[in-house]
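Below is one structure, written out as C-alpha cells, with a few remarks after it.
In this note's numbering, the protein residues as written are 1 to 300.
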C-alpha cells in the first residue's frame, strides 16, 4: 500500500468512526494499527514467495540481480558462484525430486528451453507451484521476462528500473558505432563440431547491434553445425570463439587458414561462455561491452 492510498484510508476511517455513535474511542486504536501496518517493510506487508527453487542458472542469476538471494533455497549444480551455498537439487536434466520436496518451496522457477516439460509437469502434479519462463532469443524478450520475474517477487518497480538503465546504457553504446564499417563475424561455439548461431537468436541480435554482420545469418537452424570450408568461403573479418576458459585450444584450429581475413589479420578472440551465453538483460549488456571493442578496436 503506497503513501497516497494509506492517507486516503486514514481519512475515510476517521470520518466513518466520527459519525458512529460511541465509536469515538475506537479512532486512536484503529489509526495506530494502520500506522503500524504502514511502517512495516514492504516485504512483510505484501510478501512474495519466501522459499524459491531455481531450475536454471539464468533464472538463478536474475534472482540475484533482483536482490532475492535471501529467498533462494535451491539451485542446480551449475550455478553462479554467489549462489554456491544454496542447496543443490540436481542438474538441468536430472532433478532430485525428493530433495525438492524436502525443501518445501512455495515457488519453483523453470526455463522453457533449459528444463524438460516432463519434469515441470511432474512438479506441478506433486502440488508445487511452478512458473515457466520463455527461452528468450531477443533482448526485448529478456527484458519482459525479467520484469515478469520481478512482479512474481513483488519487485516489479526494481526490475523495471534495472531494465530502463540497461536499455539507456545500451542505446548510448550503440550510438558510438553508428556509421562505422560493418565487420563480418563468425560466432564459433565449440570446435568439434563447429556450431554457430543464425540471426533469429540473441547472439545474432548482439552482433547486429554491435555493428557486425553474422556470416551465417541466413541459415535455417538457430544453432547450426557448419564446416571449415563454409567459414573459408564466407571469409569473416573477425572470429569470436565462445568457450569455457579450459578450452583455450580453440584458436589453434585456424592456424594455417590464412585465406580467412580474421586469421590473416590476427582477429581471433576468445570469450568466456558465462559472459555471453546467459539470456538475461544484464548479461546481454555485458556481452555487448565485450564484443564492441573486438569489432571496433579503435573505439576510444
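Every residue gets a Cβ at the ideal spot worked out from N, C-alpha and C, and that includes glycine.
Can you give the beta carbon distance from residue 58 to residue 279, rounded, assuming they're within the 8 Å contact cut?
Looking up residue 58 in the chain shown gives position 58. Looking up residue 279 in the chain shown gives position 279. Confirmed, about 6 Å.
Cβ contact check for the stretch 211-223 and the stretch 263-272: 3 or more pairs under 8 Å
no
Buried or exposed, going by whether 16 or more other CB atoms sit within 10 Å of the CB of residue 182?
Working through the chain shown from its first residue, we reach residue 182 at position 182. It is exposed - the Cβ of residue 182 has fewer than 16 other Cβ atoms within 10 Å.
Would you kindly report the start and end of the unbroken beta strand (DSSP E) that includes residue 74?
Working through the chain shown from its first residue, we reach residue 74 at position 74. Looking at the DSSP string, the run of the beta strand (DSSP E) that includes residue 74 is 72-75.
Is residue 157 close to chain C? Criterion is C-beta to C-beta, closer than 7 Å.
Of the protein chains in the structure, only one exists, and it is not chain C.
Tell me which same chain residues have a C-beta within less than 7 Å of the C-beta of residue 128, skipping the five on either side of it?
Looking up residue 128 in the chain shown gives position 128. Excluding residues within five positions, the ones whose Cβ falls inside 7 Å are 105 and 108.
For residue 261, which residues in the same chain have their Cβ closer than 7 Å to its Cβ, ignoring the five residues on either side in sequence?
Along the chain shown, one-based indexing puts residue 261 at 261. Counting only Cβ-Cβ distances below 7 Å, and skipping sequence neighbours, we find 235, 236 and 237.
Indicate the three-state DSSP secondary structure (helix, strand or coil) for residue 144 in the structure shown.
Start at 1 with the first residue of the chain shown, and residue 144 comes out as number 144. Residue 144 falls in the helix class under three-state DSSP.
Who are the near neighbours of residue 56 in its chain, counting only those whose CB is closer than 6 Å to its CB and skipping five residues on each side?
Along the chain shown, read from residue 1 onward, the residue named residue 56 stands at position 56. Within the same chain, residue 56 has close Cβ partners 111 and 114.
Residue range of the beta strand (DSSP E) that includes residue 111:
The residue labelled residue 111 in the question sits at position 111 within the chain shown. Where residue 111 is concerned, the enclosing beta strand (DSSP E) stretches over 107-111.
Assigned exposure category for residue 42 - 16 Cβ within 10 Å defines buried:
Taking the first residue of the chain shown as position 1, residue 42 is located at position 42. Legend: pLDDT at residue 42 = 46, less than 50; position of this residue unreliable, value from coordinates given subsequently. Classification for residue 42: exposed.
List in chain order: all unbroken alpha helix (DSSP H) runs of 4+ residues lying wholly within the stretch 204-282.
228-234, 261-264 and 273-276
Pick out whichever of 144, 186, 205 and 209 has its Cα sitting closest to the Cα of residue 175.
Mapped onto the chain shown, residue 175 falls at position 175. Closest option to residue 175, Cα to Cα, is 209.
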